[in-house]
Amino acid sequence: MIVDRLLKDILCCYLFLVFQQYIDIITIDIRNETNHVFNIKLAKLLGLYQILDPGALKCRGRNIYHIVTSCLLLYACLISTILIISGLYYCTNIPVSIDYFWKSVTTIYVIYKTWIIIHYSNDVWNCLSITRYDLTSLTDRNRHILDRWRERLAWLTNIYVIMYCMTLVLYLVITLAFSEVKSTVKNRDGSVGYYRQNALNLYLIATDDTYNVHYYTFYFIEASFVAFITLYFLIFDVLMVTLCFGMCCQMEIICSAFKSVGHKFVTDPHSPIDDIKNQTSNEHDLIYDELKTIIMDHQVVMKKYEDFLTIFRRVMLLHIFVSSFTVILLWFTFIMSFSNDDRFKTSDVIIIRMICEIPSILFQIYMMCYLFGNINDQKDEIIFALYSSNWTEMDMKCKKLILLTMQLNNANQIKLKFTRTKIVNLEMFFKTMGHCYTVISVLVNHIQTKNE
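This is the structure we're talking about:
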């Protein structure tokens with residue numbers, strides 16, 4: 000009764016917040032939306048904007064979205080504990096045990112990511128200023144770059160939403176379509192239970208008779224949990240894509256500004272000699288001032304990037320590790336389900352749902368490596384941009400400043416890395432996939448050799 004009442008209270012609060020989000024979307028300031036490399040309308044729809052906004056609705060001085068999210072995270076902790084215990088309890092059936100464990104690991108990781116957003120919400124909000132059009136003094140002449148990146152971001156984040164929603168719907172529809180299929184579960188005491196397939200298969204909390212009679216009640220609880228986990232997965236990924244696009248956009252603007260330095264100042268050769276000298280001196284001063292302005296803007300962007308990595312470095316590295324580990328488990332279980340080993344015999348529904356999850360997990364790893372690889376490329380592009388400036392026609396003071404900027408950029412090797420040499424980029428993605436294939440092959444060959 001207490002749990003049911005708690006779930007009802009949480010659901011009522013959540014519905015109220017959803018209604019509030021729609022009100023916010025209706026009253027959104029269009030000018031504010033178009034002056035950020037940020038899909039603000041989608042962020043408000045998901046609740047991401049309200050979670051981070053310091054001016055959001057508060058209860059006793061605390062963001063009400065933080066309070067509701069914390070309650071949902073406690074609920075997720077309870078479910079993840081049940082999943083872990085279930086995995087240990089049914090360890091004799093390897094696919095069932097793996098199914099429980101990868102779900103529990105995914106849940107714990109989502110809890111950790113969401114906690115990071117809530118705990119560092121003010122710092123994350125400050126990092127999001129990287130998406131502002133007016134972050135640097137170069138906005139007016141490079142607005143087309145900002146508009147292009149904003150359109151790309153809107154397109155990609157919408158793709159994310161479609162992909163996540165399709166995966167969620169597919170997962171829940173498959174569950175309902177095979178709800179009459181019963182799994183044979185052997186208990187520790189030797190008894191056998193026949194349970195209907197469900198979203199999470201929380202068989203440990205009830206007998207098979209109770210579970211089957213109240214199937215749709217359990218389905219609602221488990222499906223709601225899967226929907227909440229999907230939502231917070233999506234919230235975090237939209238935040239990451241937004242920050243990465245903001246970094247790339249601002250770095251491209253800096254590169255464009257460096258490339259143009261010195262090219263627009265051309266002395267008129269038909270002017271008198273004294274006028275030419277004065278005009279040249281003035282041009283060099285203007286170029287020097289322009290260089291200083293761009294360098295200061297560059298430092299602002301790099302400071303935002305450093306803050307971003309400080310908050311999310313561990314989360315991103317853990318994301319790649321957890322996702323790769325999950326892919327290995329799912330593929331290994333799928334391949335071994337075709338073997339004659341009785342330990343890997345399980346319901347086809349479990350195997351089908353595992354396979355349906357693999358594309359979305361691979362997409363997450365790919366996008367993470369792609370986004371950070373793109374940031375690294377934009378950061379390294381600064382050197383080429385400085386070379387592309389008209390530095391040969393500048394005076395010694397400007398040349399020294401350009402050289403100093405190059406040295407500082409080379410010395411600042413802040414990148415997302417696993418080790419000193421292993422940088423997160425597309426190359427790492429393909430190497431990771433190769434390592435996953437190697438591990439799966441070794442495991443399969445080991446099991447087959449052992450059985451022979």
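Here numbering that gives the first Met the number 0 is used: the first residue of the sequence shown is 0, the next is one more, and so on. Backbone N, C-alpha and C fix where the C-beta goes; we use that ideal spot for every residue, glycine too. Note that this is a predicted model, so its numbers are computed, not measured.
Tell me whether the stretch 190-205 and the stretch 325-337 touch, counting them as touching only if at least three CB pairs, one residue from each stretch, are closer than 8 Å.
The stretch 190-205, when compared against the stretch 325-337, does not touch it at the 8 Å Cβ threshold.
Tell me whether V260 is buried or exposed, calling it buried when 16 or more other Cβ atoms sit within 10 Å of its Cβ.
Here residue 260 is taken as the residue at index 261 of the sequence shown, counted from 1. Classification of V260: buried, given that the 10 Å Cβ count is 16 or more.
Could you compute how far the alpha carbon of T325 sits from the alpha carbon of I161?
Walking along the sequence shown from the start, residue 325 turns up at place 326. Walking along the sequence shown from the start, residue 161 turns up at place 162. Answer to the nearest angstrom: the Cα atoms are 22 Å apart.
Considering just the uninterrupted stretch of the alpha helix (DSSP H) at S182, what are its terminal residues?
Numbered from 1 along the sequence shown, position 183 holds the residue referred to as residue 182. It is not in any alpha helix (DSSP H) - S182 instead sits in the beta strand (DSSP E) that spans K181 to K185.
From what residue to what residue does the alpha helix (DSSP H) around V456 run?
The structure shown does not extend to residue 456, since the chain is modelled only from 0 through 451, so no value can be given for it.
Spatial neighbours of Y365 within its chain, please: CB distance less than 7 Å, with the 5 preceding and 5 following residues excluded, ordered by chain position.
Counting from one through the sequence shown, the residue named residue 365 turns up at place 366. Contacts found: F428.
Determine the contact status of I374 and M405, defining contact as a CB-CB distance below 8 Å.
Indexing the sequence shown from 1 puts residue 374 at position 375. Indexing the sequence shown from 1 puts residue 405 at position 406. Not closer than 8 Å, so no.
What are the boundary residues of the beta strand (DSSP E) that V191 is part of?
Along the sequence shown, read from residue 1 onward, the residue named residue 191 stands at position 192. Looking at the DSSP string, the run of the beta strand (DSSP E) that includes V191 is V191 to R195.
Assign N141 to one of three DSSP states: helix, strand, or coil.
The residue you call residue 141 lines up with position 142 of the sequence shown. Reduced to three states, the DSSP call for N141 is helix.
Output the boundary residues of the alpha helix (DSSP H) element that contains Q249.
Taking the sequence shown and counting its residues from 1, the one referred to as residue 249 is at position 250. Q249 -> alpha helix (DSSP H) spans Y214 to S259.
Between which two residues does the alpha helix (DSSP H) containing F100 stretch?
Within the sequence shown, numbered from 1, the residue matching residue 100 stands at position 101. Here the alpha helix (DSSP H) through F100 covers I93 to H118.
Please state if the CB of K181 and the CB of Y194 are separated by a distance shorter than 8 Å.
Here residue 194 refers to the residue found at position 195 of the sequence shown. Here residue 181 refers to the residue found at position 182 of the sequence shown. A contact, by the Cβ cut-off of 8 Å.
With a threshold of 7 Å on Cβ separation, who are the neighbours of S322 within its own chain once the five nearest residues in sequence on each side are excluded?
What you label residue 322 is simply residue 323 of the sequence shown in a count that begins at 1. Result list for S322: I360, Q363 and I364, in chain order.
Given a cut-off of 8 Å on the beta-carbon distance, is the pair T113 and L82 in contact?
Along the sequence shown, read from residue 1 onward, the residue named residue 113 stands at position 114. Along the sequence shown, read from residue 1 onward, the residue named residue 82 stands at position 83. No, the Cβ-Cβ distance between T113 and L82 is not below 8 Å.
I401 and L290: beta carbons closer than 8 Å?
Start at 1 with the first residue of the sequence shown, and residue 401 comes out as number 402. Start at 1 with the first residue of the sequence shown, and residue 290 comes out as number 291. Yes, Cβ-Cβ distance for I401 and L290 is below 8 Å.
Closest to D394 by CA distance: which of C254, G245, I286 and I220 is it?
To locate residue 394, count along the sequence shown from 1; it is residue 395. Considering only alpha carbons, the answer is I286.
Residues in its own chain within less than 7 Å of C248 by CB, not counting five upstream and five downstream?
Locating residue 248 in the sequence shown gives position 249, counting from the first residue. Same-chain partners within the cutoff: V36, I144, L145 and W148.
With a 10 Å radius around its C-beta and 16 neighbouring C-beta atoms as the bar for buried, classify V109 as buried or exposed.
Within the sequence shown, the letter at position 110 stands for residue 109. Looking at its Cβ environment, which holds 16 or more other Cβ atoms inside 10 Å, V109 is buried.
Considering only their Cβ atoms, is the gap separating L167 from T229 smaller than 8 Å?
Here the question's residue 229 lines up with position 230 in the sequence shown. Here the question's residue 167 lines up with position 168 in the sequence shown. Result yes, Cβ atoms of T229 and L167 sit closer than 8 Å.
Ends of the alpha helix (DSSP H) at M395?
Mapped onto the sequence shown, residue 395 falls at position 396. It spans M395 to A410 - the alpha helix (DSSP H) in which M395 sits, taken as one unbroken run.
Can you give me the start and stop residues for the alpha helix (DSSP H) that Y132 sits inside?
Stepping through the sequence shown from its first residue, residue 132 is reached at position 133. From DSSP, Y132 is part of no alpha helix (DSSP H); its letter is neither H nor E.
Can Y231 and N197 be called in contact, C-beta distance under 8 Å?
Working through the sequence shown from its first residue, we reach residue 231 at position 232. Working through the sequence shown from its first residue, we reach residue 197 at position 198. It is not a contact, given that the beta carbons lie outside the stated cut-off.
Given I252, which residues of its chain have a CB within under 6 Å of its CB, disregarding the five upstream and five downstream residues?
Against the sequence shown, residue 252 aligns to sequence position 253. L137, N141 and I144.
Classify W101: buried if its beta carbon has 16 or more other beta carbons within 10 angstroms, exposed otherwise.
In the sequence shown, residue 101 corresponds to position 102, counting from 1. Buried, because 16 or more other Cβ atoms sit within 10 Å of the Cβ of W101.
Along the alpha helix (DSSP H) that carries L87, what are the first and last residues, could you check?
Translated into positions along the sequence shown, residue 87 becomes position 88. That run of the alpha helix (DSSP H) goes I63 to Y88.
Spell out whether any CB of chain C is found under 8 Å from the CB atom of H283.
In the structure shown, chain C does not exist; there is a single protein chain.
What do you reckon, are the CB atoms on C452 and H297 nearer than 8 Å?
Outside the shown range of the chain, which is 0 to 451, sits residue 452, and nothing can be said about it.
Identify the residues that DSSP records as bridge partners of H35: which are they?
To locate residue 35, count along the sequence shown from 1; it is residue 36. DSSP lists R131 as partners of H35.
Which word fits Q49, buried or exposed, when buried means at least 16 other C-beta atoms lie within 10 angstroms of its C-beta?
Translated into positions along the sequence shown, residue 49 becomes position 50. Answer is buried; the Cβ neighbour count reaches 16.
Skipping 5 residues on each side, what residues in its chain have a beta carbon closer than 7 Å to that of K57?
Translated into positions along the sequence shown, residue 57 becomes position 58. Contacts found: I63.
Take the Cβ of N135 as the centre, count every other Cβ of all protein chains shown within 10 Å, and call the residue buried at 16 or more, exposed below.
The residue you call residue 135 lines up with position 136 of the sequence shown. Sequence inspection shows Thr at residue 135; the Asn mentioned does not correspond to that position. Answer is buried; the Cβ neighbour count reaches 16.
Rounding to the nearest angstrom, what Cα-Cα distance links T266 and H434 in this structure?
Residue 266 sits at position 267 when you count from the first residue of the sequence shown. Residue 434 sits at position 435 when you count from the first residue of the sequence shown. In this predicted model, T266 has a pLDDT of only 45, less than 50, meaning its place in the structure is not dependable enough to derive any value.
Where does I413 sit, in a helix, a strand or coil, going by DSSP?
The residue given as residue 413 occupies position 414 in the sequence shown. Three-state DSSP puts I413 in coil, outside helix and strand.
I think I334 touches V443, with their Cβ atoms under 8 Å apart; what is that distance to the nearest whole Å?
Start at 1 with the first residue of the sequence shown, and residue 334 comes out as number 335. Start at 1 with the first residue of the sequence shown, and residue 443 comes out as number 444. Rounded, the Cβ-Cβ distance is 6 Å, consistent with contact.
Which residues bound the alpha helix (DSSP H) around Y48?
Looking up residue 48 in the sequence shown gives position 49. Note, Y48: alpha helix (DSSP H), L47 to L51.
So, R151 versus F244, is the Cβ gap smaller than 8 Å?
Along the sequence shown, read from residue 1 onward, the residue named residue 151 stands at position 152. Along the sequence shown, read from residue 1 onward, the residue named residue 244 stands at position 245. Contact: yes.
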